[in-house]
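See below for the structure under consideration.
There are 2 protein chains.
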Amino acid sequence: MAQKDNILIIGAGLCGSLLALRLAQRGYQITLVEKRPDLRKVTQDAGRSINLALSDRGLKGLRLAGVEEEAKKLCIPMNGRMIHDKEGNTFLSPYSGREGEYINSISRPGLNMLLLDAIDKMPNVTTYFNLGCEEVDLENASTSFKNYETGKTETYSGDILIGTDGAGSAVRRNMFEHKKFLFSFSQQWLTHGYKELEIPAGEDGGFKTYKNALHIWPRGEDMLIALPNLDGSFTVTLFLPYANSDYCFDNLITAEKVEEYFKKEFPDALELIPNLAEEYFNNPTGPLGTIKCSPWHCYGKSLLMGDAAHAIVPFYGQGMNASFEDVVVFDEVLEKFEGNWEQVFSEYEKARKIDTDAIADLAVDNFHEMKEHTASPLFQQKRKLEIAFETQLPKEYFSKYSLVTFNEAIPYSLAMKRGRAQDKAILNLLDDGKLKDDMSLEEKLQLVIKETNDILHDDAVVKNL
Amino acid sequence: MAQKDNILIIGAGLCGSLLALRLAQRGYQITLVEKRPDLRKVTQDAGRSINLALSDRGLKGLRLAGVEEEAKKLCIPMNGRMIHDKEGNTFLSPYSGREGEYINSISRPGLNMLLLDAIDKMPNVTTYFNLGCEEVDLENASTSFKNYETGKTETYSGDILIGTDGAGSAVRRNMFEHKKFLFSFSQQWLTHGYKELEIPAGEDGGFKTYKNALHIWPRGEDMLIALPNLDGSFTVTLFLPYANSDYCFDNLITAEKVEEYFKKEFPDALELIPNLAEEYFNNPTGPLGTIKCSPWHCYGKSLLMGDAAHAIVPFYGQGMNASFEDVVVFDEVLEKFEGNWEQVFSEYEKARKIDTDAIADLAVDNFHEMKEHTASPLFQQKRKLEIAFETQLPKEYFSKYSLVTFNEAIPYSLAMKRGRAQDKAILNLLDDGKLKDDMSLEEKLQLVIKETNDILHDDAVVKNL
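If you read the sequences in order, they're chains A and B.
Residue numbering for the first sequence follows full-length UniProt numbering, beginning at 1 and increasing consecutively.
Residue numbering for the second sequence follows full-length UniProt numbering, beginning at 1 and increasing consecutively.
Have a look at this one:
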């Protein structure tokens with residue numbers, strides 16, 4: 001067998017590492033280059049998102065590369081959202097009415113290290129750290145990097161290159177500034193930013209609040225969430241407007257103001273975060289943006305993947321999952337068209353972009369849903385009905401959240417289309433009083449299904465005339 | 001009265017010129033700077049769009065500045081689309097069933113000159129040409145320009161600056177690269193490009209085809225259009241995919257191929273364009289893009305307006321009209337909040353962006369409608385019904401096209417919402433066979449109105465829950 005092509009992968013985060021592992025398993029010669037230091041050898045930055053939600057689509061990607069079982073050892077199952085009101089009362093809103101449908105809290109660096117360890121066992125991968133991507137020769141799959149240790153420039157190349165260098169991708173910036181082809185590009189920022197805080201473990205190493213849930217304190221414009229870590233701590237994230245609000249990042253500028261705000265809005269969380277002001281002022285405030293672009297590839301030589309191609313806001317817990325699913329889809333396309341990179345790249349984008357666009361839009365939807373709608377009576381009636389459907393008729397109904405999170409056989413774009421139509425059907429049936437108390441749950445479901453199909457039909461007539 | 005502020009306006013195209021004229025009329029001291037030479041002193045570039053569709057919203061802007069009547073002298077009314085089929089048969093599809101609802105073909109340089117002449121009469125405007133915008137100091141409303149005649153750098157400033165420097169705006173690029181605030185930005189390219197051609201005037205100076213229409217040769221993916229000029233000629237624009245088509249810009253690379261294509265698709269147009277190959281190869285191929293961004297302003301010092309803030313594709317004939325309407329809206333906001341630029345800028349964007357986003361989306365919709373849907377039987381049934389409504393019930397029905405084009409009291413965003421709901425209602429009623437032959441036109445309209453309102457209500461329940 002002839003030796004397979006050399007592939008230069010830029011970015012050894014979650015997506016780049018899984019991709020390198022998988023392509024190495026397929027026999028390619030991989031050069032994997034990362035800007036940051038090897039995270040197995042340094043202490044972690046404070047303030048970077050240190051845990052993430054891993055669900056079915058992400059697990060499928062890990063399974064493809066044979067590391068699912070090991071990854072599961074790092075997981076803490078979260079069965080639902082634990083809602084905290086202003087008085088500190090809580091109630092658990094399950095993610096699904098079906099058993100076995102939960103998402104997992106997992107450490108970002110822990111999972112990344114697991115992938116890097118697996119890569120180290122492959123003889124056909126060479127990994128470099130501390131090399132920052134600068135100029136990319138897109139036509140020749142060659143890239144110059146700045147070595148942050150020596151200060152010198154080093155150049156690496158491959159038969160092709162793949163940029164998995166995240167939301168701030170330098171490879172994508174090179175495409176944007178290349179100007180030899182039309183590059184559609186969009187960056188959309190929310191009016192909110194985020195800041196990470198910590199609920200430390202209890203003195204006995206235990207969890208200071210319920211372990212198996214994604215905790216959420218919804219407050220209209222603002223929101224606090226917390227995900228558990230294996231060491232008993234929780235990573236807390238505050239989502240807050242930058243400006244134009246009684247409490248916002250622009251005016252929470254003294255310890256007193258921050259404590260006043262938490263005392264008023266999140267009193268039970270305040271008790272669990274001993275170093276609130278210190279953490280608040282030491283940790284950076286991050287922006288929340290959606291990035292889309294097209295084409296993802298050029299010259300049959302260069303390709304973007306993961307957040308570099310499609311960064312999304314975190315409100316569906318699907319960022320990492322979407323990137324791992326990228327690897328699955330790329331692997332399928334590669335299986336079909338191996339030997340013709342131009343075709344592999346273009347078929348991959350054709351198969352995949354519609355779905356990453358969809359999850360980007362769904363994540364923005366969920367931003368609004370989580371902050372505002374959870375307080376709406378109509379929305380709460382809808383969730384109650386959906387939980388009843390999913391518990392009592394588990395094979396017949398899947399909510400939008402279930403379609404997106406637990407049904408990896410259904411592409412994001414279809415989950416969005418069906419899920420949005422279902423939501424619209426239920427909300428309108430409730431609003432019109434058509435779901436009557438004396439109807440059985442099955443009758444209600446039949447009505448919802450009929451209304452959903454009508455909505456999908458009416459939309460299709462307009463699109464396909 | 002104290003002297004009013006100095007305003008630096010960058011770009012003396014259609015929007016910048018109208019804005020300069022209006023703000024001068026309000027008493028401001030204006031410095032107007034243009035990259036190109038004074039178009040009254042040079043021969044025109046070939047291949048730039050030399051006529052445009054002027055309709056009600058644009059006329060309202062010209063009226064505000066007192067130049068509507070003069071502009072009308074440059075106008076050729078177009079009452080409808082003259083559709084040309086492959087055999088050269090034509091039929092006229094009116095823009096509206098109501099009298100007096102038509103759009104106008106007008107020369108872009110002619111209108112620009114008219115505005116520059118009006119500006120020259122204002123003592124409080126100083127205009128400079130041949131100065132290309134380079135570095136913009138957004139915080140201090142100061143800008144360095146390259147003088148293309150001397151090669152030297154010149155700096156101008158004002159109390160505020162307004163960038164009206166078009167789709168490729170240098171002021172906007174400065175905002176994008178500024179990085180001190182979050183700048184949402186999107187550039188979306190269509191798969192098609194455009195190229196301008198000419199049908200010259202007849203030997204007697206007359207029009208070689210029907211004068212008072214926008215001529216259109218719809219051919220699925222491809223499209224040719226022609227608008228009349230006062231001198232008897234027509235400016236023709238070919239819209240064609242760049243690639244991946246039997247005939248596309250990438251493969252129409254010989255005179256034979258171009259003539260073969262026109263002979264096959266546009267035989268009657270071919271006869272009217274004597275120098276087809278020469279024009280085809282001498283004129284540039286332009287891209288078709290939509291640009292959106294936000295914020296349009298920063299520091300209470302710098303603002304974007306017109307195409308610089310929101311470039312759109314030409315398929316609704318609203319680009320210039322939207323830019324002139326910008327001036328009207330800005331003038332209204334200025335009237336209310338004069339004296340506080342920060343507030344003027346932010347109220348202006350709040351009032352206006354929703355509408356420029358809407359016309360951008362409508363223009364892309366119309367690209368698809370003009371190419372594909374005009375061939376669909378369902379679409380043609382719909383247009384027939386709408387023309388009947390507008391002719392026989394002219395006070396009760398306004399098509400989406402009419403709402404956008406002839407009803408400047410209705411903002412683009414409402415025109416889009418109502419227009420899309422109406423289209424969906426009619427298409428679905430037709431598809432379901434609910435508009436029966438034995439119904440009177442009034443009964444049909446009542447059914448369309450009811451269905452439209454139901455659609456709007458169902459959408460509102462989802463949005464406002």
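Note that the Cβ used here is the ideal one computed from N, Cα and C, for glycine as well.
All figures in this text were calculated on a predicted structure; none of them were measured in a lab.
With a threshold of 8 Å between beta-carbons, can residue i be considered close to chain B, or not?
{"i": "Asp458 (chain A)", "result": "yes"}
{"i": "Pro287 (chain A)", "result": "yes"}
{"i": "Lys417 (chain A)", "result": "no"}
{"i": "Lys424 (chain A)", "result": "yes"}
{"i": "Asp361 (chain A)", "result": "no"}
{"i": "Asp431 (chain A)", "result": "yes"}
{"i": "Glu342 (chain A)", "result": "no"}
Quick check: residue i and residue j, are their CB atoms within less than 8 Å of each other?
{"i": "Gly13 (chain B)", "j": "Thr164 (chain B)", "result": "yes"}
{"i": "Leu362 (chain B)", "j": "Met416 (chain B)", "result": "yes"}
{"i": "Leu8 (chain A)", "j": "Ala141 (chain A)", "result": "yes"}
{"i": "Gly206 (chain A)", "j": "Gly232 (chain A)", "result": "yes"}
{"i": "Ser184 (chain A)", "j": "Ser294 (chain A)", "result": "yes"}
{"i": "Leu54 (chain B)", "j": "Ile10 (chain B)", "result": "no"}
{"i": "Val461 (chain A)", "j": "Leu427 (chain B)", "result": "yes"}
{"i": "Phe234 (chain A)", "j": "Pro241 (chain A)", "result": "no"}
{"i": "Ile50 (chain B)", "j": "Leu230 (chain B)", "result": "no"}
{"i": "Glu34 (chain B)", "j": "Tyr148 (chain B)", "result": "no"}
{"i": "Leu378 (chain A)", "j": "Asp331 (chain A)", "result": "no"}
{"i": "Met82 (chain A)", "j": "Tyr210 (chain A)", "result": "yes"}
{"i": "Pro94 (chain B)", "j": "Asn112 (chain B)", "result": "no"}
{"i": "Val171 (chain B)", "j": "Ala308 (chain B)", "result": "yes"}
Determine the direct distance from the alpha carbon of residue j to that of residue i, and round the result to whole angstroms.
{"i": "Glu70 (chain B)", "j": "Ser17 (chain B)", "result": "15 Å"}
{"i": "Pro411 (chain A)", "j": "Leu414 (chain B)", "result": "33 Å"}
{"i": "Glu390 (chain B)", "j": "Gln380 (chain A)", "result": "44 Å"}
{"i": "Ala226 (chain B)", "j": "Lys292 (chain A)", "result": "35 Å"}
{"i": "Leu270 (chain A)", "j": "Leu182 (chain B)", "result": "30 Å"}
{"i": "Gly47 (chain A)", "j": "Glu196 (chain A)", "result": "Because Gly47 (chain A) sits at a pLDDT of 44, beneath the cut-off of 50, its placement in the model cannot be relied upon, and the following sentence gives the value as read from the coordinates. Near 6 Å, if we compare the C-alpha coordinates of Glu196 (chain A) and Gly47 (chain A)."}
{"i": "Met1 (chain A)", "j": "Asn340 (chain A)", "result": "In this prediction, Met1 (chain A) scores a pLDDT of 49, lower than 50, which makes its location untrustworthy; the coordinate-derived value is nonetheless stated afterwards. So the alpha carbons of these two residues sit roughly 17 Å apart."}
{"i": "Lys450 (chain A)", "j": "Ile449 (chain B)", "result": "24 Å"}
{"i": "Asp438 (chain A)", "j": "Leu385 (chain A)", "result": "14 Å"}
{"i": "Gly286 (chain A)", "j": "Ser323 (chain A)", "result": "20 Å"}
{"i": "Ala358 (chain B)", "j": "Cys15 (chain B)", "result": "19 Å"}
{"i": "Phe145 (chain B)", "j": "Arg108 (chain B)", "result": "25 Å"}
{"i": "Val67 (chain A)", "j": "Leu115 (chain A)", "result": "8 Å"}
{"i": "Asp137 (chain A)", "j": "Thr143 (chain A)", "result": "6 Å"}
{"i": "Glu338 (chain A)", "j": "Glu135 (chain A)", "result": "28 Å"}
{"i": "Glu221 (chain A)", "j": "His457 (chain B)", "result": "26 Å"}
{"i": "Tyr401 (chain B)", "j": "Arg420 (chain B)", "result": "10 Å"}
{"i": "Asp204 (chain B)", "j": "Leu276 (chain B)", "result": "21 Å"}
{"i": "Thr356 (chain A)", "j": "Arg173 (chain A)", "result": "19 Å"}
{"i": "residue 467 (chain A)", "j": "His368 (chain A)", "result": "The requested residue 467 (chain A) is not part of the displayed model; chain A covers only 1 to 465."}
{"i": "Leu19 (chain A)", "j": "Asp120 (chain A)", "result": "14 Å"}
{"i": "Phe84 (chain B)", "j": "Asp246 (chain B)", "result": "Looking at the sequence provided, one finds His at residue 84 (chain B) rather than Phe. Going from the Cα of His84 (chain B) to the Cα of Asp246 (chain B) covers about 21 Å."}
So residue i and residue j are supposed to be a Cβ contact under 8 Å. How far apart are they, rounded?
{"i": "Gln29 (chain B)", "j": "Ala65 (chain B)", "result": "The pair is not a contact, with the Cβ atoms about 17 Å apart (cut-off 8 Å)."}
{"i": "Ser105 (chain A)", "j": "Phe406 (chain A)", "result": "Actually they are not in contact, since the Cβ atoms of Ser105 (chain A) and Phe406 (chain A) sit about 16 Å apart, beyond 8 Å."}
{"i": "Asn366 (chain B)", "j": "Tyr316 (chain B)", "result": "5 Å"}
{"i": "Glu198 (chain A)", "j": "Glu279 (chain A)", "result": "6 Å"}
Flag residue i as yes if its beta-carbon sits less than 8 Å from any beta-carbon of chain A, otherwise no.
{"i": "Leu427 (chain B)", "result": "yes"}
{"i": "Lys350 (chain B)", "result": "no"}
{"i": "Lys146 (chain B)", "result": "no"}
{"i": "Asp250 (chain B)", "result": "no"}
{"i": "Lys434 (chain B)", "result": "no"}
{"i": "Lys264 (chain B)", "result": "no"}
Note to self: Which residues of the segment 175–201 of chain B have a Cβ closer than 7 Å to any Cβ of chain A? Give them in chain order.
What the structure shows: Leu182, Ser184, Phe185, Ser186, Gln187, Gln188 and Trp189
Notebook entry, point to check: Any residues in the segment 439–463 of chain A with a beta carbon nearer than 7 Å to a beta carbon of chain B? Which ones, in chain order?
Noted result: Asp458, Val461 and Val462
Notebook entry, point to check: If you measure beta-carbon to beta-carbon, which residues of the segment 288–319 of chain A are closer than 7 Å to chain B?
Noted result: none
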